[in-house]
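Contents: one structure, followed by commentary.
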Amino acid sequence: MIDFIDKHFTRLPLRDNRGGAMIEFGFAMPLLILLMMGGIELGRYVLLHAKLDRTAMTVSDLVARVTSLTTEELDTIFSATNLVMAPFALDDRGVVIVSSVTQVSGTPTVTWQRKGAGTLTVTSEVGAQGDNAVLSDPGMVTANDGLIVGETYFDYSPWFIDLIPSTRLHHVAVYRPRLNGAVVCTNCP
Numbered sequence: 001m002i003d004f005i006d007k008h009f010t011r012l013p014l015r016d017n018r019g020g021a022m023i024e025f026g027f028a029m030p031l032l033i034l035l036m037m038g039g040i041e042l043g044r045y046v047l048l049h050a051k052l053d054r055t056a057m058t059v060s061d062l063v064a065r066v067t068s069l070t071t072e073e074l075d076t077i078f079s080a081t082n083l084v085m086a087p088f089a090l091d092d093r094g095v096v097i098v099s100s101v102t103q104v105s106g107t108p109t110v111t112w113q114r115k116g117a118g119t120l121t122v123t124s125e126v127g128a129q130g131d132n133a134v135l136s137d138p139g140m141v142t143a144n145d146g147l148i149v150g151e152t153y154f155d156y157s158p159w160f161i162d163l164i165p166s167t168r169l170h171h172v173a174v175y176r177p178r179l180n181g182a183v184v185c186t187n188c189p
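Residues in the sequence shown are numbered from 1 upward in steps of one, following this note's numbering.
Written out as structure tokens, the structure is:
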């Protein structure tokens with residue numbers, strides 16, 4: 001009789017440790033999912049910044065290599081930005097702006113400016129075509145000298161959680177024309 005009681009009643013439900021791992025996993029799983037989604041989102045955010053920076057540098061560099069170009073050649077450069085930005089697409093969430101800044105006398109001015117590779121509506125932080133250029137260091141341009149300024153804009157919104165809030169990202173690259181004091185753009189608006 002005592003053997004029967006020992007076998008059946010000594011294993012009380014409070015002492016039963018079967019299923020403990022499943023309960024611990026149930027508590028840990030939401031935290032693990034949150035960490036995974038946050039890691040993916042943070043990685044995507046960092047990659048997007050790198051792609052925007054590389055796109056601004058690539059466009060500015062390609063324009064700075066020539067003495068003159070046309071709007072068709074600029075459109076070709078803008079179409080190449082999709083390869084640099086992959087897997088992100090500029091489409092309606094981004095745009096690339098290329099500006100030529102020259103200083104003939106007095107203050108630097110935006111000689112020509114062109115937008116492409118996306119349809120996002122923004123104004124250049126350098127200024128509009130024909131206006132005085134807004135530069136971080138006005139001494140970057142000297143008399144009879146020029147600069148090519150490439151800007152990338154992108155409206156970022158997170159995939160999963162608003163760990164990183166929706167925001168407009170902006171990157172700038174500045175290059176000096178290599179072969180001439182300024183790059184001439186024929187038939188640019």
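Using N, Cα and C, we set each Cβ at its ideal position, and we do this for glycine too.
Within the same chain, Cβ atoms closer than 6 Å to the Cβ of Ser166 are found at Ser157, the five residues on either side in sequence being excluded. In this structure Ser124 is buried. Its beta-carbon is surrounded by 16 or more other beta-carbon atoms within 10 angstroms.
By the Cβ-count criterion, Trp159 is exposed, with fewer than 16 other Cβ atoms from all chains shown falling within 10 Å of its own Cβ.
Residues of the same chain with a CB within less than 6 Å of the CB of Thr58, apart from the 5 flanking positions on each side, are Val84 in chain order. The closest CA to that of Ile77, considering only Leu62, Pro87, Gly26, Val183, is found on Leu62. When the Cα atoms are used, Val122 and Arg168 turn out to be separated by approximately 10 Å. When DSSP states are grouped into helix, strand and coil, Phe154 belongs to the strand group. Per DSSP, reduced to three states, the secondary structure at Gly43 is helical. Straight-line spacing of the CA atoms in Arg176 and Gln129 works out to 18 Å. Excluding its 5 nearest sequence neighbours in each direction, Val184 has C-beta neighbours in its own chain below 6 Å: Ser68, listed in chain order. Inside the stretch 66-92, DSSP marks whole alpha helix (DSSP H) runs of 4 or more residues at positions 71-85, from first to last along the chain. Taking 3 residues as the shortest admissible run, the stretch 90-175 contains the following complete beta strand (DSSP E) segments, listed from N- to C-terminal end: 94-103, 109-116, 145-156, 167-175. Between Ile97 and the set Thr71, Gly26, Gly181, the nearest pair of CA atoms involves Thr71. Residue range 184-186 is occupied by the beta strand (DSSP E) that includes Val184. Apart from sequence neighbours up to five positions away, the residues of its chain that approach Ala173 with a beta-carbon distance below 6 Å are Ala56, Met57, Ser60, Gly150, ordered along the chain. The beta-carbon separation of Arg93 and Asp155, rounded to 5 Å, stays under the 8 Å limit for a contact. Judged by beta-carbon spacing, Thr109 lies within the 9 Å limit of Asp131, meaning their Cβ atoms are closer than that value.
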